Amino acid sequence: MSSNFLEIKLGPFWVLAEAEGKKLVGVSFFHKKESSSVSGVNVPGVNKDEITHPSPILERLQEDLINYWRGEKIDFSDYPLRLDNCSPFAKKVWRLTRKIPYGEVRSYKWVAEKIHTKGYRAVGAALARNLFPIIIPCHRVVREDGSLGGYSPGLKIKRKLLEREGSYLF
DNA sequence: TGCGGAATTTGCG
DNA sequence: CGCAAATTCCGCA
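Residues in the first sequence are numbered from 16 upward in steps of one, following this note's numbering.
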């Protein structure tokens with residue numbers, strides 16, 4: 016099974032998405048100058064697969080990301096994702112996080128309680144392993160006191176995403 | 001408001 | 001098995 020890639024610039028950030036067949040395999044932010052990778056696969060600038068076998072899901076994603084950055088309330092919750100060897104706990108956290116509506120935020124504690132655990136920090140740890148930023152909107156999970164909390168791709172990005180969604184920030 | 005410490009759960013080495 | 005982590009809560013200045 017060959018992979019297809021999409022590189023797209025959202026404001027100051029570059030986003031790389033990889034798909035295999037009808038499913039997304041990973042999404043990541045990267046610096047254009049550096050060599051990037053998703054799931055350990057080195058990414059070529061352009062490859063033949065991309066040209067001869069355009070991926071419908073990536074074309075749709077490109078469209079959605081562009082409109083998302085324009086400020087439209089895009090819903091990414093129905094994109095099929097490949098979640099092969101992820102822990103059951105992480106899947107629970109991600110499944111719930113996907114349901115947080117555009118423009119709204121929830122706390123790590125809220126997520127933890129919804130899945131009946133006191134492991135607030137474990138929730139953060141699971142979100143830190145999110146392979147699909149934006150698609151699984153982990154940027155909408157913040158601290159109970161309203162402060163930002165963490166974000167693996169970088170807090171500047173988290174702040175910017177929330178700002179574009181019109182969320183109230185501290 | 002802010003800092004230190006304890007409680008908690010998960011996953012990686 | 002030990003430890004760090006995208007947290008939270010509580011006490012105390």
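The C-beta atom is built at its ideal place from N, Cα and C for all residues, glycine as well. Since this is a predicted model, take the numbers as computed values, not measurements.
C-beta contact flag for residue i and residue j at 7 angstroms
i: I89; j: A34; result: no
i: Y83; j: L39; result: no
i: S92; j: N19; result: no
i: S122; j: A143; result: no
i: A32; j: L21; result: yes
i: S182; j: V120; result: yes
i: G164; j: R158; result: yes
Per-residue burial, residue i [other beta carbons within 10 Å of its own, 16 or more giving buried]
i: K133; result: exposed
i: L146; result: buried
i: V53; result: With a pLDDT of 49 at V53, under the threshold of 50, the modelled position of that residue is not reliable, and the figure given next carries that caveat. Label assigned to V53: buried.
i: G10; result: What is shown of the chain runs 16 to 185, which leaves residue 10 out entirely.
i: K37; result: exposed
i: L173; result: Contrary to the premise, residue 173 reads as Lys rather than Leu in this sequence. Buried, because 16 or more other Cβ atoms sit within 10 Å of the Cβ of K173.
i: V17; result: A small fix is needed here, since residue 17 is Ser in this sequence, not Val. S17 comes out exposed.
i: H46; result: exposed
i: P116; result: exposed
i: R75; result: exposed
i: S43; result: buried
i: E180; result: buried
i: R113; result: buried
i: P148; result: buried
i: K63; result: Note that K63 has pLDDT 46, beneath the 50 cutoff, so the model's placement of it is unreliable and no number is given.
Cβ distance (whole Å) where residue i is taken to contact residue j below 8 angstroms
i: I109; j: I151; result: For clarity, residue 109 is Trp in the given sequence; the question names Ile instead. At roughly 5 angstroms, the Cβ-Cβ gap stays under 8 angstroms, so W109 and I151 are in contact.
i: L80; j: I23; result: 6 angstroms
i: H154; j: L176; result: 4 angstroms
i: K106; j: L98; result: 6 angstroms
i: Y135; j: A127; result: 5 angstroms
In DSSP terms, what residue i is bridged to
i: K38; result: E35
i: P24; result: As written in the sequence, residue 24 is Lys, which differs from the Pro given in the question. Answer is W29.
i: P148; result: I151
i: R121; result: V156
i: S162; result: Paired residues: none, contrary to the question.
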